[in-house]
Amino acid sequence: MAAPCSRMANRPLWQFITNVRRTGLKHTGVRQISLSSACRAATQTRSKTEGVPSPWKLYGAVCLQRLPVISQERNPIEDQFAELMHQMELERSLLSDHEQRLLEDSERMTRKQADNYDSDEEEADYGGQETITAQDQEDTWEQKLKHFQPALRDRDVGGTPLGSVERCLGDSLVLLVQQTVGKETIWLLPQAQWEAGETLRQTAERGLSSLPEADFKATFLGNTPCGVYRYKFPKEVRTERCVGAKVFFFKAFLSAGSASQKEPFLWVKKTELQGYLKPPYLEKVDRFILNL
Amino acid sequence: MQWRKLRASFALHSRVLDQAGLLFRASVSVQHPIQGSLAFSNERQYRTMPTHGIGKYKHLLPKEAPKKKKERQQMKQIKTATDAEYGTLNVKVSGYDMILVEHYSQYIHNLCNRLGVKVAESYALPTKSTEVMVMPEQGTKMYVDAILKTHERIVQLSQLNATLCPTFMEVLLKNQPEGIQLSVKLHTEADYQARFKARPELEGLMAQMT
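Chains A and B, in that order, give the protein sequences.
Here the first sequence is numbered in the working numbering, starting from 20 and rising by one per residue.
Here the second sequence is numbered in the working numbering, starting from 112 and rising by one per residue.
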């Protein structure tokens with residue numbers, strides 16, 4: 020076998036620094052992931068003298084995922100439980116500094132309005148009145164909160180097309196591409212054929228970058244493939260040399276990217292994959308896509 | 112050697128007891144019973160008595176190392192990356208909400224335990240307070256609007272398998288709560304030294320020496 024499986028162990032691991040930020044709703048609608056390699060050792064490619072080439076064609080495919088941008092909606096049960104826990108915590112908690120200040124101020128006000136108010140005594144205790152009471156602060160904060168407009172959680176109100184990256188912000192989406200394989204055009208994960216002298220991961224990267232009119236900046240997490248799909252060609256196409264093809268899948272996360280809103284791309288959730296992929300293909304792909 | 116002595120002492124004793132049996136019994140009957148028992152418990156048996164060393168057990172227990180005083184904290188060895196595993200990695204979780212930060216770091220720790228990744232250390236860095244100053248449109252004086260506290264927790268992993276790494280990272284990223292920053296870095300000695308407080312007197316003395 021032209022050694023793609025053992026590339027993982029062959030290639031020395033390079034040190035990496037990953038910095039992931041999860042901010043609120045940003046314009047890109049995409050979580051920023053930056054990955055930099057501190058030092059990359061030279062990749063050693065093992066060249067084997069092959070006696071007989073294997074009858075399988077090799078492809079490297081990439082499963083590009085866009086991570087969720089906002090938190091998921093809660094179930095009704097989760098909602099109820101969260102409320103219950105919040106109430107319990109509130110009842111068990113102690114007063115904070117701010118709340119104590121509020122109480123003291125209100126007590127002081129009632130004492131001031133009483134008939135036997137001795138201002139000298141009071142001031143001796145407190146050393147001069149504070150100009151801003153806690154109640155005033157609370158009022159200013161409430162005013163500020165009224166000015167703040169949070170963005171809408173659900174941008175799908177208008178019905179964003181399936182090709183948009185900003186589709187379901189609470190779920191992770193997978194990229195699907197329409198490519199011609201053999202005679203048919205089908206939806207599948209972007210793939211490219213393996214050429215001699217490159218690792219399978221580079222094949223996957225090439226497959227992603229060679230997509231027309233799209234520049235996705237993806238972060239590959241490791242050198243290991245996450246899945247394999249093996250299929251035999253239909254009997255007419257089969258020759259001695261190539262019996263079928265093996266597709267190796269690699270996982271990657273979208274760090275930054277834009278694509279024109281053209282047809283060939285689809286961002287789908289795991290539950291929607293069924294409508295687009297062929298059953299045997301879907302079976303293998305389903306195994307490694309996590310539905311978290 | 113000891114066995115022979117015991118046997119000899121047995122033989123001796125049997126003869127002695129035969130001869131002085133009556134005397135022995137007489138002495139016991141004369142003494143007060145309570146005193147007699149006390150006397151017997153305080154006295155150690157003579158070496159020739161067969162019951163010599165009858166209560167000894169310490170020689171049967173395994174030897175314990177002598178208790179050392181607590182040594183000065185040494186840095187744990189920083190492991191380097193091999194072909195199949197990463198070296199010592201620092202997973203840093205930071206954010207403004209302490210509850211979320213703590214819970215997330217606990218989640219990472221538990222996940223590592225379940226997946227079999229060795230956790231070398233799990234510690235917290237000191238909290239950093241950030242003052243948000245607001246400048247009003249009219250005046251020039253800035254006043255404090257709010258104080259934001261940034262909490263940081265670090266989980267140090269020692270041997271993360273390269274095959275496990277993508278899945279591990281994916282689970283971490285998908286479960287990241289809102290408002291939390293996650294960062295994975297290699298552990299360096301500078302990171303370790305940054306945890307200690309600066310000692311100004313010591314540094315002053317060292318500067319004086321050089």
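Cβ coordinates follow ideal geometry from the N, Cα and C atoms, glycine included.
What you are looking at is a predicted structure, and each value in this text was computed from that prediction instead of being measured.
Note on the region 155-233 of chain B: whole alpha helix (DSSP H) runs with a minimum of 4 residues are 209-226, in chain order. The C-beta distance from Gly79 (chain A) to Ala273 (chain B) rounds to 18 Å, too long to fall under 8 Å, and the pair is not in contact. At a cut-off of 8 Å between C-beta atoms, Val282 (chain B) counts as an interface residue with respect to chain A. Out of A:Pro299, A:Leu121 and A:Met104, the CA that lies nearest to the CA of Val266 (chain A) is found in A:Pro299.
Across the set B:Leu171, B:Gln287 and B:Arg306, the C-alpha of B:Arg306 shows the shortest separation from the C-alpha of Ala235 (chain B). Nearest C-alpha to Lys296 (chain B) among B:Met280, B:Leu226 and B:His262: B:Met280.
At a cut-off of 8 Å, the C-beta of Ala273 (chain B) has a neighbouring C-beta in chain A. For the pair Tyr197 (chain B) and Leu271 (chain B), the CB atoms are nearer than the 8 Å cut-off.
Distance from the CA of Arg225 (chain B) to the CA of Asn286 (chain B), rounded to the nearest whole angstrom, comes to 16 Å. In the DSSP annotation of this structure, Thr218 (chain A) is not part of any beta strand (DSSP E), being labelled neither H nor E. In this structure, the alpha-carbon of Lys251 (chain A) lies about 16 Å from that of Glu302 (chain A). In the DSSP assignment, no residue is bridged to Ser73 (chain A). Three or more Cβ pairs closer than 8 Å define a contact, and the region 85-98 of chain A meets that threshold against the region 186-193 of chain A. With 16 or more other CB atoms across the displayed protein chains lying within 10 angstroms of its CB, Leu285 (chain A) is buried.
Apart from the 5 residues on each side of it in sequence, Leu121 (chain A) sits with its Cβ closer than 8 Å to the Cβ of Ala153, Gln154 and Glu157 in its chain, given in chain order. By the criterion of a C-beta distance shorter than 7 Å, Leu230 (chain A) is surrounded in its chain by Val196 and Pro209, once the five residues flanking it on both sides are discounted. Annotation: Pro244 (chain A) to Arg220 (chain A) spans about 8 Å, alpha carbon to alpha carbon. In this structure, Val304 (chain A) sits near Leu296 (chain A), with a CB-CB distance shorter than 8 Å. Out of A:Lys270, A:Gly246, A:Gly201 and A:Gly216, the CA that lies nearest to the CA of Leu194 (chain A) is found in A:Lys270. Within the region 287-307 of chain B, those residues whose Cβ lies closer than 8 Å to any Cβ of chain A are, in chain order, Gln287, Pro288, Glu289, Gly290, Ile291, Gln292, Leu293, Ser294, Val295, Lys296 and Leu297. A Cβ-Cβ separation of about 6 Å places His220 (chain B) in contact with Val230 (chain B) under the 8 Å criterion. In this structure, the CA atom of Gln217 (chain B) is about 32 Å from the CA atom of Val184 (chain A).
Closest by C-alpha distance to Pro237 (chain B), out of B:Val228, B:Lys190, B:Leu275 and B:Lys260, is B:Lys260. In the DSSP assignment, Thr199 (chain A) falls within the unbroken beta strand (DSSP E) covering Leu192 to Val200. Taking 8 Å as the threshold, the shortest C-beta distance from Lys285 (chain B) to chain A falls below it.
With respect to the 8 Å criterion, Asn201 (chain B) and Ile265 (chain B) are classified as neighbours on the basis of their beta carbons. As DSSP reads the structure, Lys239 (chain B) sits in a beta bridge with B:Thr261.
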